[in-house]
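Sequential numbering from -8 applies to the sequence shown in the numbering used here.
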Amino acid sequence: GSLFRVPLVRYHEWTELASALRDADLRIVAADASGEDVRRVTLPQRVALVVGQERHGLAGIARSDLDAVIAVPQRSGVESLNAGVAGSLLLYGCARTQGLFTSSERKE
């Protein structure tokens, strides 16, 4: 249902994408297991969440281009999450920390 509310963009070169995100006044936040626990991070309202490939992660992305790196906390022994699952959990975590889910908006 939210597909039509969330802007999706595809770029083939990281440098072009990073430049476009900066021009749009977005903070660039990437998902990586080495990042800070999403439950403990308060992100600004205007965020572009970058999720890398499952096997190679953020290959080709300069950490200096990122404003933050966040992670889904995992139990020891879990190597990684599916990129789609990780992205979904991180989007939910970001929305939750920004207070976007009020009790009147939640489906019971």
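All residues carry an ideal CB built from backbone N, CA and C; glycine is no exception.
Please report the straight-line C-alpha distance between Ala39 and Val60, rounded to a whole angstrom. 12 Å
Leaving aside the five residues before and after Gln36 along the sequence, list all residues of the same chain whose C-beta is less than 7 Å from its C-beta, in chain order. Gln89
May I ask which residues mark the beginning and end of the alpha helix (DSSP H) holding Ala15? Ala15 -> no alpha helix (DSSP H), and no H or E assigned at all.
I need the DSSP call for Ser55, collapsed to helix, strand or coil. helix
How about Leu49 and Val63: do their beta carbons lie closer than 8 Å? no
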